[in-house]
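> Residue numbers (this note's numbering): 552 to 969. Next up is a structure, given as structure tokens.
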Ligand code: ADP
């Protein structure tokens, strides 16, 4: 097996991308971190095929790399010192909030085009905060990637431990999961906006209930779609979460646009940050396969150590719904803060058919149809086969046992399991 010793000088990082095979990295000496999470000296970290990551060091480190990465190099220029400065400023705000009950720690929105390192920056800021004993709320609104649960959903969780080094998965309290059902916020912008209200409201509730989280604030990841309705939804996100700081990665135009929109909101500061040279652009095919592996992560675990259960569900035991939108004026025609006049979001009952095959069904905590749009999601099922004549379907569930609810929502983001 190919073993390679990599010496990384201070304030540099070893960037690598795995190919078709896994690669193991061990920190032999010194100190190194992966997206802000400290790697233990002597521990071996196994990176699955098609992973891109970096071991950064502040003071120097020696790494042993076992396996054949598709690419791997040491870069001396990284934006980490700038990101650490941003973190320092956030810690000052957290310090103030921890002594004054009327203050909330910094609510940070990370924005920018696709593939600029938004998710990575969120991880870095959250991990730095955790290393200083803070427990921030992490909110993922990037429905295309599904950083917290499966793609197509919004999620939020309080993090007390760093993101996992090997898989990048968040490790914290059970997440609050909100159904959306599409890989792009534009597919049902009215519903997305409604969900933004909901998640922002619940974040405020969490701050009111939990002093530690209130003082730590929130880090919010957003979607890379920043044109037209995408831009509008980003502005709504900033407004609805009452963001204190908006970090814009790699876009002068977006920085200017947001600065001018929020110029009369002195509590919101927009800051442009450079993207890391290590951020890798992902093709549409890669994105699709990344979505598919996120689905697999949900059922089989990011380390593939979970055992999902094949289960039969009889149509009589469940009620399946889809969330749609009525035809209304495009949201972009409305000024910010003005709600669409009609209630544009509707739920409609789905008659089970073969079309459900390969669909992801979200199991809602709703007790009735009226609660469907507002209830959180307990978990997901993957439809493997539908037998209409026998009024049943075979699904993959995370575990054996009774479903936590009988109301199911169909997501448009399907999974074609390999
Ligand atoms: P975005 O959220 O803006 O789409 P990501 O943060 O997901 O971007 O980054 C895109 C890809 O680049 C990810 O696979 C991530 O792991 C990788 N990446 C980010 N920063 C680095 C880095 N410094 N070195 C190597 N890979 C990186």
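Positions of the beta carbon are idealized from the N, C-alpha and C atoms, including for glycine. Nothing here was measured: the structure is a model prediction, and the numbers come from that model.
Starting from the C-beta of residue 965, find all residues in its chain whose C-beta is less than 8 Å away, skip the five residues before and the five after it, and write them out in chain order.
Taking the chain shown and counting its residues from 1, the one referred to as residue 965 is at position 414. Excluding residues within five positions, the ones whose Cβ falls inside 8 Å are 909, 910 and 911.
> Using 8 Å as the cut-off, classify the Cβ of residue 678 as near or not near the heavy atoms of the ligand ADP, replying yes or no.
The residue labelled residue 678 in the question sits at position 127 within the chain shown. No - the ligand ADP has no heavy atom lying nearer than 8 Å to the Cβ of residue 678.
> Rounded to the nearest angstrom, what separates residue 892 and residue 737 at their Cα positions?
The count along the chain shown starts at 1 and reaches residue 892 at position 341. The count along the chain shown starts at 1 and reaches residue 737 at position 186. Note that residue 892 scores 46 on pLDDT, short of 50, meaning its location in the model is unreliable; the coordinates nonetheless yield the value given after this. Roughly 19 Å between the two C-alpha positions.
> Return the Cβ separation of residue 607 and residue 629 in integer angstroms, given the expectation that the two are a contact with Cβ distance under 8 Å.
Stepping through the chain shown from its first residue, residue 607 is reached at position 56. Stepping through the chain shown from its first residue, residue 629 is reached at position 78. With 8 Å as the limit, residue 607 and residue 629 qualify as a contact, their Cβ atoms being about 6 Å apart.
> What separation, rounded to the nearest whole angstrom, lies between the Cα atoms of residue 914 and residue 756?
Counting from 1 along the chain shown, the entry for residue 914 is found at position 363. Counting from 1 along the chain shown, the entry for residue 756 is found at position 205. Roughly 23 Å separates the two Cα atoms.
> Who are residue 620's beta bridge partners in DSSP?
As a working mapping, residue 620 is identified with position 69 in the chain shown. Partner(s): 569.
> Buried or exposed: where does residue 955 fall if 16 or more other Cβ atoms within 10 Å of its Cβ makes it buried?
Position 404 of the chain shown, counting from 1, holds the residue named residue 955. Exposed is the call here.
> With a threshold of 6 Å on Cβ separation, who are the neighbours of residue 553 within its own chain once the five nearest residues in sequence on each side are excluded?
Against the chain shown, residue 553 aligns to sequence position 2. Once the five neighbours on either side are set aside, the close Cβ partners of residue 553 are 619.
> For the alpha helix (DSSP H) containing residue 636, name the first residue and the last one.
Taking the first residue of the chain shown as 1, we reach residue 636 at position 85. Here the alpha helix (DSSP H) through residue 636 covers 631-650.
> Confirm, please, whether the CB-CB distance from residue 746 to residue 758 is below 9 Å.
Indexing the chain shown from 1 puts residue 758 at position 207. Indexing the chain shown from 1 puts residue 746 at position 195. No, Cβ-Cβ distance for residue 758 and residue 746 is not below 9 Å.
> Taking the DSSP output, what are the residues bridged to residue 608?
As a working note, residue 608 is residue 57 in the chain shown. Bridge partners of residue 608: 563.
> Would the beta-carbon of residue 833 be found less than 8 Å away from any heavy atom of the ligand ADP?
Walking along the chain shown from the start, residue 833 turns up at place 282. Yes, Cβ of residue 833 sits closer than 8 Å to a heavy atom of the ligand ADP.
> To the nearest angstrom, report how far apart residue 780 and residue 772 are at their CA atoms.
Position 229 of the chain shown, counting from 1, holds the residue named residue 780. Position 221 of the chain shown, counting from 1, holds the residue named residue 772. Near 17 Å, if we compare the C-alpha coordinates of residue 772 and residue 780.
> Which term fits residue 819, buried or exposed, when burial requires 16 or more other beta carbons within 10 angstroms of its beta carbon?
Translated into positions along the chain shown, residue 819 becomes position 268. Buried, since its Cβ has 16 or more Cβ neighbours within 10 Å.
> In three-state terms, what does DSSP make of residue 750?
Numbered from its first residue, the chain shown carries residue 750 at position 199. Three-state result, residue 750: helix.
> Is the separation between the beta-carbon of residue 777 and that of residue 632 shorter than 9 Å?
As a working note, residue 777 is residue 226 in the chain shown. As a working note, residue 632 is residue 81 in the chain shown. In this structure, residue 632 does not lie closer than 9 Å to residue 777 by Cβ.
> Between residue 592 and the rest of its own chain, which residues show a CB-CB distance below 6 Å, the 5 nearest in sequence each way excluded?
In the chain shown, residue 592 corresponds to position 41, counting from 1. These residues qualify, in order along the chain: 578.
> If you follow the alpha helix (DSSP H) that residue 851 is part of, which residue opens it and which one closes it?
Position 300 of the chain shown, counted from the start, is the residue given in the question as residue 851. Where residue 851 is concerned, the enclosing alpha helix (DSSP H) stretches over 835-851.
> With DSSP collapsed to three states, give me the class of residue 939.
Locating residue 939 in the chain shown gives position 388, counting from the first residue. In this structure, residue 939 counts as helix in the three-state DSSP scheme.
> In chain order, which continuous runs of the beta strand (DSSP E) of length 3 or greater are located wholly inside the region 715-744?
DSSP runs (the beta strand (DSSP E)) wholly in the region 715-744: 727-730.
> Could you check how far apart the C-beta atoms of residue 859 and residue 947 are, in whole angstroms? I think they sit under 8 Å.
In the chain shown, residue 859 corresponds to position 308, counting from 1. In the chain shown, residue 947 corresponds to position 396, counting from 1. With a Cβ gap of about 5 Å, residue 859 and residue 947 count as contacting.
> Is residue 605 near the ligand ADP, with its Cβ less than 8 Å from a heavy atom?
Residue mapping note: residue 605 aligns to position 54 of the chain shown, counting from 1. Because some heavy atom of the ligand ADP lies under 8 Å away, the Cβ of residue 605 counts as near it: yes.
> Are the region 832-843 and the region 918-925 touching, with three or more C-beta to C-beta distances below 8 Å?
With the cut-off at 8 Å, the region 832-843 and the region 918-925 do not touch.
> Could you tell me which uninterrupted beta strand (DSSP E) segments, each at least 3 residues in length, are contained entirely in the region 749-825, listed from first to last along the chain?
If we require 3 residues or more, the beta strand (DSSP E) runs fully inside the region 749-825 come out as 769-772, 796-800 and 820-824.
> Considering only residues of the same chain and omitting the five flanking positions on each side of residue 723, which have a CB-CB separation below 7 Å?
To locate residue 723, count along the chain shown from 1; it is residue 172. Once the five neighbours on either side are set aside, the close Cβ partners of residue 723 are 708, 709, 710, 711 and 712.
> Taking just the CA atoms, how far does residue 714 sit from residue 686?
In the chain shown, residue 686 corresponds to position 135, counting from 1. In the chain shown, residue 714 corresponds to position 163, counting from 1. C-alpha separation (whole angstroms): 12 Å.
> Using only CA atoms, which one of 961, 924, 862 and 801 lies nearest to residue 666?
For the purposes of this step, residue 666 is taken as residue 115 along the chain shown, with counting starting at 1. Cα-wise, what sits closest to residue 666 is 801.
> When the Cα atoms are used, what is the spatial distance from residue 958 to residue 717?
Here residue 958 is taken as the residue at index 407 of the chain shown, counted from 1. Here residue 717 is taken as the residue at index 166 of the chain shown, counted from 1. Their backbone Cα atoms lie some 35 Å apart in a straight line.
> Between which two residues does the alpha helix (DSSP H) holding residue 680 run?
Counting from one through the chain shown, the residue named residue 680 turns up at place 129. Start and end: 669-682.
> Confirm the yes/no value for this check: CB of residue 813, any heavy atom of the ligand ADP, distance under 8 Å.
Your numbering for residue 813 matches position 262 in the chain shown. It does not: the Cβ of residue 813 is nowhere closer than 8 Å to a heavy atom of the ligand ADP.
> Give the straight-line distance between the Cα atoms of residue 740 and residue 791, rounded to the nearest whole angstrom.
Position 189 of the chain shown, counting from 1, holds the residue named residue 740. Position 240 of the chain shown, counting from 1, holds the residue named residue 791. Between residue 740 and residue 791, the C-alpha separation is close to 15 Å.
> Determine the burial state of residue 857: buried for a count of at least 16 other Cβ atoms within 10 Å of its Cβ, exposed for fewer.
As a working mapping, residue 857 is identified with position 306 in the chain shown. Exposed, since its Cβ has fewer than 16 Cβ neighbours within 10 Å.
> Is residue 868 near the ligand ADP - that is, is its Cβ less than 8 Å away from at least one heavy atom of it?
Within the chain shown, residue 868 is the residue found at index 317, counting from 1. Residue 868 Cβ: outside cutoff for every heavy atom of the ligand ADP.
> If you drop the 5 nearest sequence neighbours on each side, which residues of the same chain put their C-beta closer than 6 Å to that of residue 555?
The count along the chain shown starts at 1 and reaches residue 555 at position 4. Contacts found: 616.
> Could you tell me if the beta carbon of residue 566 falls within a distance shorter than 8 Å of some heavy atom in the ligand ADP?
Counted from its first residue, the chain shown places residue 566 at position 15. Residue 566 Cβ: within cutoff of the ligand ADP.
> Apply the 10 Å Cβ neighbour rule to residue 596 and answer buried if 16 or more other Cβ atoms are within range, or exposed otherwise.
Reading the chain shown from its first residue, position 45 is the one you call residue 596. Result: buried.
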